[in-house]
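S.K.: Take a look at this one; I'll ask things after.
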Amino acid sequence: SDHMENIYGYLMKYTNLVTGWQYRFFVLNNEAGLLEYFVNEQSRHLKPRGTLQLAGAVISPSDEDSHTFTVNAASGEQYKLRATDAKERQHWVSRLQICTQHHTEAIGKNNPPLKSRSFSLASQGSANSPGLQRRPSQNAVSFFSVGHHRLPTGKRVPIMQPDHLVDVREMMSQAEGQQRDLIRSIECLPVSGHLTSLDQDLLMLKATSMATMNCLNDCFHILQLQHASQQKGSLPTGTTISWLEPKISLSNHFKNGAAQNFPAEINKPASVREEQSIAEPCQLTREPEEIDPDEELEDTCDDKEDDLGAVEEQRSVILHLLSQLKLGMDLTRVVLPTFILEKRSLLEMYADFMSHPDLFIAITNGTTPEERMIRFVEYYLTSFHEGRKGAIAKKPYNPIIGETFHCSWRMPKSDVATDAGSTFSAHSPPEQVTLPKDMEGQAELDYYTVKFVAEQVSHHPPVSGFYAECVERKMCVNAHVWTKSKFLGMSIGVTMVGEGLLSLLEHGEEYTFSLPCAYARSILTVPWVELGGKVNINCAKTGYSASINFHTKPFYGGKLHRVTGEVKQNMTNTVVCRVQGEWNSVLEFTYSNGETKYVDLTKLSVTRKRVRPLEKQGPFESRRLWQHVTESLRDGDIDKATEHKRALEERQRNEERLRAETETPWCTKYFLKEGDGWVYHKPLWKTVSAAQTQQMDNN
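Position 632 of the sequence shown, counted from 1, bears residue number 632 in the UniProt record's numbering, the numbering being contiguous throughout.
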C-alpha cells in the first residue's frame, strides 16, 4: 500500500528540438492511474497541462544516461522525462511501473477467461502429422489448408461487448497454438529434399503468419484498452491508439554478441586475422589529427548500387529474418544480411550532404537575413538527392565506434553565386571577423576549400558526429545524429534523432536544423527509399524560420518523394517563400514578390570529394577499415564479405567487453560531449574568437 501512495515533484520534460528540456511539476495519481503535469507547483490546482493514462503503458529507463526515462502510453503519446539523478529516476520508474501494472491487471480482471471450448479454425499440423508426407508435385502453399469463416449474407456485425472480447481472446489463444504448430512443422522439415525448411513459400508463410498473429494480438489489446478507457471516460471515442512496443526479442541467432560459427582461425584469410588483431583503439593515438587537404586526391570511386540480382537470390534469407521480427522492434542490435549493404560507411554517406559545396558556400553571400535563410533552405533540400547511389535501397555499413571519415571539396570562386556588387545591405552589415594567421593564406587562393570530418562517438546508442567548415567564407556546420531503426512490417523506418547547427560568422548568425525520417519500402521485392516527417530550421538572431514537410506516399494515389515548405518572419508571421516539388527531382520556389524559381536536382553539377589514398589513411578511417568488405562486395563474394564484416563486429564486441571489465571509458578523437549533443573539438567559431582575442591583446 505504501507503494500506491501519490507522489509528486519536479522533472524535466523534453518538448521538441527547438524548446528542448523544461522543468514541469508532475503528479502520479495512483487511484486514477494517471500521470499529470503542471507548469509549476503553484498551478497544481488548475487543469493539468497534460495527462497520460497509465493502464497498458510501458515505462522504460533510457540507455542515453542514468537520469532519463520514457513513459509510452497505450494511446501512442510519449513523455520523455529526466530526473535530477539516478536514484530519483529509479524512484519514479518503480512507482510508475507499480501503478501501471495495477491498472493494467484491473482491466484484465474485468474480462475473465471462459472455460476452453473446441472449435475448428484450421487443420492442425504437428511434427508427425500425416500432412507432412506430401507428394513432390504438391506446392508449398497447398501443403497447409487454412479454413475461412464467413458471416451469413445480410447480417450485420454486432458491436463488441465485454463477453464478446472474452470469446475473441479464447479464439486468439487457439490460433496462437495452431500458429506454433505450423512453425514447428516447418522447422522440423529436412534442410534438403523435395520439401525443405528453407522452401521460399514456407518461409513466406512462416513470416506472414507470425506478423499476422502479432498484429491481431496488438489489435485485441488496443480494443481492451479502448473499452476500459471509454468506461472510465478518460479517452474520447475515436482516440487513435498506436502500436505497442514489442514484448519478445530476437532469437540469439540474430543478436550482436551471439555465438557465431566462425571458421577455424587457421582457415581465416590474412585480412580477417588482421582485422581482429588491431589493437584496442584507446591504446592507439586518440589525439586529433590535422588532415592536409593537399594530400587528398579527387575521388575516383564510383560504386553504383543498381544490382538487384543479389536481393532475389537471397530472398529466403530475408524471409527467414522477417519471420523472427515483430512490428515496432528496434533493429539497432539486429545483424542484417551482408548482401543488402552499400559499399560505404554511414559516415561517408553523411559527407554526401555536401555534394553541392557551391550552394553551401553561397548561403553566406546572401545580402539580407531573409535571403540567407532562403539560400539555406535551397541548399538543405538539394542535399539528400546525392545521398542515394541508385534506385535500390541499400544500407551503409554501421560505423565501428572510433571510426572516422575525412574528405574535402575544392570549389572555384567563380562558380559560387554572389549578388550584384557583392555588397551587404545597410541593415545587415557583415561582422569583422579575424582569421588565425595559419588560415589567412587560404583566402588568397582562387578556390574555396570545404573540409569535412565525421566520427562514430557512441555504439549503443549509435551516434555519429560530423563537422564541415569553409575557413575562407567563415562558415561551419556541426551535427550529431542518433539513428534509430524499427521494423514496420514490409518496410523499415529510420529516425534521425539529433540536431545540426550552421554558423555564419560574418553575420553572427546560427541556424539550427533537424533531419527527416527515412523509410526502406518493399523490402521483399525491389526496395526503395522515401523520406518523411516535418523538419524545422530556425535562426534566433534574425527571427526567420522554415518549416519543411517530407510527405510519404499515401496508400492510394499520391506522388512519390513530395516535399512542401515555407519560410517566414516570425515577428510579423509573414511567409516570404514557399517551396514544393520532389526532393529527388524538381523543386519550385515561389517568393513574396511573385517570382518563381525552379531547381532541377537531376541536372545540378556534383563536385567530387577529395579523399586521401588508402595507404595514407589511419586504421580506423572508414575506407581503410572496411576495405576488405567493400572489395568482396565489388567481386560479388557475399560469403567473404560477411566473414570480414563479422570479424570487425567481433573485434568491436571484444573491445567493448574489455572496457566494461576494466571500467575504461571510451575516448573520442574529434568530438566532445556537450549536454545532450556532440561538438567538434576545434570549431571555427572558437578558433576565430581566439584569434580576435589575441588581436585585441596585441593592440
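Think of the CB as a built atom: it goes at the ideal place given N, C-alpha and C, for glycine as much as any other residue.
On a predicted model such as this, the values are computed, not experimentally measured, just so you know.
#1: Run through DSSP, which three-state label would CYS470 get?
#2: For the alpha helix (DSSP H) containing residue 775, list its first residue and its last residue.
#3: Using the Cβ count rule (16 or more neighbours within 10 Å means buried), how would you classify ASN570?
#4: On the criterion of 16 or more Cβ atoms from any shown chain inside 10 Å, does SER605 qualify as buried, or is it exposed?
#5: Which partner residues of PHE550 appear in the DSSP bridge assignment?
#6: Assuming the contact rule is C-beta atoms closer than 8 Å, ILE492 and GLN456 should be a hit. Round their C-beta distance to whole Å, please.
#7: Based on Cα-Cα distance, which residue from LEU11, LEU648, SER355 and LEU347 lies nearest to HIS91?
#8: Considering Cα atoms alone, identify which of ALA546, TYR591, LEU625 and THR208 is closest to GLU403.
#9: Contact defined as beta carbons within less than 8 Å: I believe residue 723 pairs with TYR598. What is the distance between those atoms, to the nearest angstrom?
#10: Looking only at its own chain, which residues have a Cβ that is under 6 Å from the Cβ of ARG612, when we skip the five neighbours before and after it?
#11: Please classify HIS102: does DSSP put it in a helix, a strand, or coil?
#12: Taking only runs of the beta strand (DSSP E) that begin and end inside the UniProt domain "PH" (4-101), which ones reach a length of at least 3 residues, in chain order?
#13: Pull up the DSSP beta-bridge partners for GLN456, would you.
#14: Helix or strand or just coil, what does DSSP make of ALA264?
#15: Does DSSP put VAL416 in a helix, a strand or coil?
#16: Check this for me: beta carbons of VAL377 and VAL166, under 8 Å apart or not?
#17: Return the Cβ separation of MET354 and PHE452 in integer angstroms, given the expectation that the two are a contact with Cβ distance under 8 Å.
#18: Pop quiz: GLU510 and LYS559 are said to be a contact at Cβ under 8 Å. What is the actual Cβ separation, rounded to whole angstroms?
#19: PHE220 and GLY465 - do their beta-carbons sit closer together than 8 Å?
#20: Per DSSP, what kind of secondary structure is GLY558 in: helix, strand or coil?
#21: Just checking: is the beta-carbon of PRO462 within a distance shorter than 8 Å of some beta-carbon in chain B?
#22: Quick check on the burial criterion: 16 or more other C-beta atoms within 10 angstroms. Buried or exposed for LEU180?
#23: On a Cα-Cα basis, can you pick out the residue from GLU176, GLN617, SER592 and THR15 that is closest to ILE374?
#24: What residue range is occupied by the uninterrupted alpha helix (DSSP H) comprising PRO396?
#25: Taking Cβ to Cβ, would you say TRP583 is nearer than 8 Å to PHE620?
#26: Measuring CB to CB, does ASP352 end up less than 8 Å from ASP415?
#27: Would you tell me roughly how many angstroms separate the C-alpha atoms of ILE291 and SER209, rounded to the nearest one?
#28: Could you tell me which residues DSSP puts in a beta bridge with TYR511?
#29: Just to confirm the assignment, what range does the alpha helix (DSSP H) spanning VAL377 have?
#30: Buried or exposed: TYR380, going by 16 or more other Cβ atoms within 10 Å of its Cβ?
#31: Would you kindly report the start and end of the unbroken alpha helix (DSSP H) that includes SER485?
#32: What whole-angstrom Cβ distance do PRO399 and LEU346 have, given they're in contact under 8 Å?
#33: Using three-state DSSP, classify VAL688 as helix, strand or coil.
#34: Since VAL575 and GLU588 are thought to touch, with beta carbons under 8 Å apart, how far apart are those beta carbons, to the nearest angstrom?
#35: Hey, could you find the ends of the beta strand (DSSP E) ASP600 is sitting in?
#36: Among LEU488, SER185 and ILE7, which has the Cα closest to the Cα of ILE98?
M.R.: Short version:
#1: Here residue 470 corresponds to residue number 470 of the sequence shown, with the count starting at 1. In the structure shown, CYS470 sits in a strand (DSSP, three-state: E or B).
#2: Only positions 1 to 699 of the chain appear in the structure, and residue 775 is not among them; the question remains open.
#3: To locate residue 570, count along the sequence shown from 1; it is residue 570. Exposed, by the Cβ-count rule.
#4: What you label residue 605 is simply residue 605 of the sequence shown in a count that begins at 1. Within a 10 Å sphere around the beta-carbon of SER605 sit fewer than 16 other beta-carbons, which makes this residue exposed.
#5: The sequence position of residue 550 within the sequence shown is 550, counting from 1. Paired residue(s): GLY533 and VAL563.
#6: Taking the first residue of the sequence shown as position 1, residue 492 is located at position 492. Taking the first residue of the sequence shown as position 1, residue 456 is located at position 456. Actually they do not touch by this definition, with Cβ atoms about 20 Å apart.
#7: In the sequence shown, counting from the first residue as 1, residue 91 sits at position 91. With distances taken between Cα atoms, HIS91 lies closest to LEU11.
#8: On the sequence shown, residue 403 is found 403 positions in, with the first residue counted as 1. That would be LEU625, whose Cα lies nearest to the Cα of GLU403.
#9: The structure shown does not extend to residue 723, since the chain is modelled only from 1 through 699, so no value can be given for it.
#10: On the sequence shown, position 612 is the one that residue 612 refers to. So the list reads GLU295 and GLU296, once near-sequence residues are dropped.
#11: Start at 1 with the first residue of the sequence shown, and residue 102 comes out as number 102. It is helical.
#12: List check, beta strand (DSSP E) in window: 7-14, 21-29, 34-38, 50-53, 58-61, 68-72 and 78-82.
#13: Here residue 456 corresponds to residue number 456 of the sequence shown, with the count starting at 1. According to DSSP, which records beta bridges pairwise, GLN456 is partnered with SER464.
#14: Translated into positions along the sequence shown, residue 264 becomes position 264. For ALA264, the predicted model reports a pLDDT of 39, less than 50, meaning its position is unreliable and no value from the coordinates is stated.
#15: Counting from one through the sequence shown, the residue named residue 416 turns up at place 416. VAL416: coil per DSSP, three-state reduction.
#16: Reading the sequence shown from its first residue, position 377 is the one you call residue 377. Reading the sequence shown from its first residue, position 166 is the one you call residue 166. Cβ atoms of VAL377 and VAL166: not closer than 8 Å.
#17: Here residue 354 refers to the residue found at position 354 when the sequence shown is read from its first residue. Here residue 452 refers to the residue found at position 452 when the sequence shown is read from its first residue. Yes, MET354 and PHE452 are in contact; Cβ-Cβ is about 6 Å, under 8 Å.
#18: Walking along the sequence shown from the start, residue 510 turns up at place 510. Walking along the sequence shown from the start, residue 559 turns up at place 559. 34 Å between Cβ atoms; not a contact.
#19: For the purposes of this step, residue 465 is identified with residue 465 of the sequence shown, where counting begins at 1. For the purposes of this step, residue 220 is identified with residue 220 of the sequence shown, where counting begins at 1. Against a cut-off of 8 Å, the Cβ pair of PHE220 and GLY465 comes out as no contact.
#20: Taking the first residue of the sequence shown as position 1, residue 558 is located at position 558. Looking at GLY558 - three-state DSSP - the assignment turns out to be coil, as it is neither helix nor strand.
#21: No chain B appears in this structure, which consists of one protein chain only.
#22: Within the sequence shown, numbered from 1, the residue matching residue 180 stands at position 180. Here residue 180 turns out to be Arg, not Leu, going by the sequence shown. With fewer than 16 other Cβ atoms within 10 Å, it is exposed.
#23: For the purposes of this step, residue 374 is taken as the residue at position 374 of the sequence shown. Here the closest residue by C-alpha is SER592.
#24: On the sequence shown, position 396 is the one that residue 396 refers to. No alpha helix (DSSP H) contains PRO396, which is instead part of the beta strand (DSSP E) from 395-397.
#25: Position 583 of the sequence shown holds residue 583. Position 620 of the sequence shown holds residue 620. No, the Cβ-Cβ distance between TRP583 and PHE620 is not below 8 Å.
#26: As a working mapping, residue 352 is identified with position 352 in the sequence shown. As a working mapping, residue 415 is identified with position 415 in the sequence shown. No.
#27: Counting from 1 along the sequence shown, the entry for residue 291 is found at position 291. Counting from 1 along the sequence shown, the entry for residue 209 is found at position 209. Straight-line Cα distance between these residues: approximately 54 Å.
#28: In the sequence shown, counting from the first residue as 1, residue 511 sits at position 511. As a beta-bridge residue in DSSP terms, TYR511 pairs with LEU502 and CYS539.
#29: Position 377 of the sequence shown, counting from 1, holds the residue named residue 377. Counting along the chain, the alpha helix (DSSP H) containing VAL377 begins and ends at 369-382.
#30: For the purposes of this step, residue 380 is taken as residue 380 along the sequence shown, with counting starting at 1. Label assigned to TYR380: buried.
#31: Within the sequence shown, numbered from 1, the residue matching residue 485 stands at position 485. For SER485, no alpha helix (DSSP H) encloses it; the enclosing beta strand (DSSP E) starts and ends at 475-487.
#32: To locate residue 399, count along the sequence shown from 1; it is residue 399. To locate residue 346, count along the sequence shown from 1; it is residue 346. Indeed, because the Cβ distance is near 5 Å, the residues count as touching under 8 Å.
#33: Locating residue 688 in the sequence shown gives position 688, counting from the first residue. Correct three-state label for VAL688: helix.
#34: Counting from one through the sequence shown, the residue named residue 575 turns up at place 575. Counting from one through the sequence shown, the residue named residue 588 turns up at place 588. Between GLU588 and VAL575 the Cβ distance is about 15 Å, and since that is not below 8 Å, they are no contact.
#35: Looking up residue 600 in the sequence shown gives position 600. 596-600 is the extent of the beta strand (DSSP E) around ASP600.
#36: By 1-based counting over the sequence shown, the position of residue 98 is 98. Closest by alpha carbon: ILE7.
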